[in-house]
Each structure stands twice: as C-alpha cells, then as structure tokens.
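Residue numbers (the working numbering): 37 to 388.
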C-alpha cells in the first residue's frame, strides 16, 4: 500500500506540472519584466524568446525551475512525495502528513486556514503580551507567594523560572485560574479574619484570572472571530458586486432599473465579458500568426496599441452604456423642448 500511495502522489505531482507548469512559469517571468509594457496579447513563445535573448539559456532554465519550486502548491506536493518516501523507508508515521490534503480539497477549510494566516501576526503579538504579563506575575509570585504553590500537585515556585513555567502551563490552560493547583488562604480563627498575606494572595489570583482568563483569551477569540467576519463580509460584498455591478462599465443594477431597462439583458448582449475576451483573443491570434496589422481595421489597431501601452482601460466604456445614453439624450431633448416652450410662453405673456 505504501508503494501504491507513492505512485499516486507522484502521479498527482506530475499531473499538476503538466497542467500548470507553463502558466506558473509565465506569470512569474512576466511579473519580473518591464512594467511599462503589456504582454496580454503576446504569446508565451515570443516572450520566452525575448527572455532568452536578454539572458542565457542556463539562466532562463534555472530561474524557471525556481519559479516552479517556489509556488505553495508545488511545495505542498513535494512534501507529500517526501512523506511517502519517508513512510516507505523509515516509518509509517510519516503518512499522517497526507491528511493535510483534506484542507486543499475543502473550500471551508481553506477559508479557515486563510483566516488563521491573516491573524498570525496579531496573535503572535497577543502571545508576546501574555508572556510579558506572565513574567511580571511570576516575579510577584516568586517574591511573595512561593509557599502557596502546592508541590504535592506537581507545581513548584522555588525559582523564578519554575514560577514562570508553572504559571504558563497551569494558569493559561485553566482559563487563568490557579486555584486548583495552589493552596488556599488560611483563616485566622483567633481574629476571625484573614491575614494580610491571605488577602494579597486572593487579590493576586483574582488579577491573574482577570488578565489571562478574561482579557487575554478574549482578545485571542475576538481577533479570530473578527477576521472571520471580515472575510465573510468581503465574500458577501464580492458576490453582490458580481450580481449587481457590470464588470465592463461598472454601472450598478439600480442605474438600469431607474430607466426601466433590464440589467441582465445588458450583461448578456451589450457588455458580455466573454465577447470582450473573445475579441482580445482574436487580436492576440492575428498578431501572433501574422506579426502584422494589415488584417486589422482601424478600431482593432487602436485597441491593440492601447493594450500594448498598458492603456487598455481607455477602450472600455467605463461609466457608459448605449441603452442609458439613448435614454439620457431623449431626456435632455425633452427638457430642452420644455424649457423652450416655457421661454416662449413667458415672452408671449410679457407682450400683453
């Protein structure tokens, strides 16, 4: 079974390379090229020839190999392959690494991992703050409350390091409470009260619980929950934007509804994103096949020049739609006629 699992992992790795190697390498190379040019309508063969001409073939292949190896998906697949080899050669415990593939298959788990990755730095800062506070509390407990730590329960505070480790491993997992691991205060039966040392110990444990059982742990929870909420809101806003905003002209659905026009018809016929994609693919195909512009009309040549100069947003009708422009021109004509009628009426009344 281990050998079968190795070949399956190897097949997945090779299939990923066969499907995505050219795309990943091309995107990495284009990101390092001249930012003043646009390579959207240039074939990868021409781009690669230009790269090899400006570098050597050895440099090109070495950097291409690095581009493939430094992608997250490739690193993960290589780790899977190494885990398979180690599982066959040493111990089957290494096969446990392959369970992480579930995260790559589940959209919800990817969402969770992304949220944790975003909160990594804030969480590390919170942990650093907690360690600093624990050190301060450990100094206080070492100086004043060594005798309160129950050595029979395995907790010690004979040194500052012991107090620090005890407060970490017993205080935080118990939600900031040291009560069950330390001795309780002693009541003075003669004075029917508590000694000053006992009062100080009560205050110490209460403040310890307040900081680590309530404030710090809730800071961790709030950071994670807020991140989930922000990501969920971003996803919701993105879905609403895709369904209510035209990708080409950036006009909202309300703009069409106010003019009694169908927004879905506008997306399907006027500003269909696939039509723009096919048009750009056509320009790319003509350019790469002939290398000339003689087969293109003036409009296509103009678009080609704008895209090549990274001015491809100029030919997009941003903020404009034919169906709305027609309505606006009609409204303006109506307003002009009404204003002219009112002017003539006023002039006629002034004559009499």
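Where a beta carbon is used, it is the ideal one built from N, C-alpha and C, also for glycine.
query                                                                                                                                                                                  : result
According to the Cβ coordinates, are residue 200 and residue 171 closer than 8 Å?                                                                                                      : yes
Going by DSSP, what residue range makes up the alpha helix (DSSP H) through residue 48?                                                                                                : 38-68
Figure out for me which residue from 237, 164, 193 has the closest Cα to the Cα of residue 253.                                                                                        : 164
So, does the segment 258-268 touch the segment 172-185, judging by three or more C-beta pairs under 8 Å?                                                                               : no
Relative to the C-alpha of residue 141, which residue among 235, 109, 352 is closest?                                                                                                  : 109
If I measure Cβ to Cβ from residue 298 and keep anything under 8 Å in the same chain, skipping five residues before and after, which residues do I get?                                : 292
I'd like to confirm the pairing. Which residues does DSSP put opposite residue 281 in its beta bridges?                                                                                : 288
In the structure shown, what three-state DSSP assignment does residue 131 receive?                                                                                                     : helix
So, does the segment 113-131 touch the segment 140-159, judging by three or more C-beta pairs under 8 Å?                                                                               : no
Assess contact between the segment 231-250 and the segment 146-157, defined as three or more Cβ pairs (one per stretch) separated by less than 8 Å. Is contact present?                : no
Thinking C-alpha only, which one of 116, 154, 121 is nearest residue 138?                                                                                                              : 116
I think residue 104 touches residue 57, with their Cβ atoms under 8 Å apart; what is that distance to the nearest whole Å?                                                             : 6 Å
Taking the C-alpha atoms as reference points, what is the distance between residue 122 and residue 50?                                                                                 : 19 Å
In chain order, what residues of the same chain lie with their CB nearer than 8 Å to the CB of residue 355, ignoring the 5 residues before and after it?                               : 285, 286, 287
What is the DSSP secondary structure of residue 366, reduced to helix, strand or coil?                                                                                                 : Note that residue 366 scores a pLDDT of 48, beneath 50, so its modelled location is shaky; the value from the coordinates is reported in the next line. Residue 366: helix per DSSP, three-state reduction.
Taking the alpha helix (DSSP H) that residue 86 falls in, what are its first and last residues?                                                                                        : 80-90
Give the straight-line distance between the Cα atoms of residue 153 and residue 333, rounded to the nearest whole angstrom.                                                            : 50 Å
Can you confirm whether the segment 336-345 touches the segment 307-327 when touching is taken to mean that 3 or more C-beta pairs between the two stretches lie within less than 8 Å? : yes
Since residue 202 and residue 120 are thought to touch, with beta carbons under 8 Å apart, how far apart are those beta carbons, to the nearest angstrom?                              : Contact doesn't hold; Cβ gap of about 42 Å is too wide.
In angstroms with no decimal places, state the Cα-to-Cα distance between residue 64 and residue 80.                                                                                    : 12 Å
Using a Cβ-Cβ cutoff of less than 7 Å, which residues in the same chain neighbour residue 43 once the five nearest sequence positions on both sides are dropped?                       : none
Measuring alpha carbon to alpha carbon, tell me which residue in 94, 84, 294, 207 is nearest residue 242.                                                                              : 207
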